[in-house]
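A short worksheet on the structure shown next.
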Ligand SMILES: [Zn+2]
Ligand SMILES: [Zn+2]
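Numbering (my numbering), first residue to last: 24 to 78.
Next up, the structure:
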């Protein structure tokens, strides 16, 4: 189960990246041990979509 911290990012943080950082094991459970998370890589390369930033 995701922790309260993982589900409640502070203002200015990207919801997806916050959850993937604080709930890494669950968020990345579908990935292999050496696999990069496509969602995390996408944000790293293209930046965080505006609608995912907490206002
Ligand atoms: Zn992000
Ligand atoms: Zn991720």
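Note that CB positions come from ideal geometry on N, CA and C, so glycine has one too.
Report all residues for which the CB-ligand distance to some heavy atom of ligand 2 is below 7 Å; order them along the chain.
43, 50, 51, 60, 62, 63
Looking at residue 39 and ligand 1, is the gap between the Cβ and the nearest heavy atom below 6 Å?
Sequence index remark: in the chain shown, residue 39 carries index 16 (1-based). Yes; taking the cut-off as 6 Å, the Cβ of residue 39 has a heavy atom of ligand 1 nearer than that.
Could you compute how far the alpha carbon of residue 73 sits from the alpha carbon of residue 62?
Here the question's residue 73 lines up with position 50 in the chain shown. Here the question's residue 62 lines up with position 39 in the chain shown. Spanning the two alpha carbons is a distance of roughly 15 Å.
Would you list the one or two residues that DSSP bridges to residue 37?
As a position in the chain shown, residue 37 is number 14, starting the count at 1. Answer by DSSP bridge pairing, in chain order: 76.
Residue 71 CB to nearest heavy atom of ligand 1 below 6 Å
In the chain shown, the residue the question calls residue 71 occupies position 48. Indeed, a heavy atom of ligand 1 lies less than 6 Å from the Cβ.
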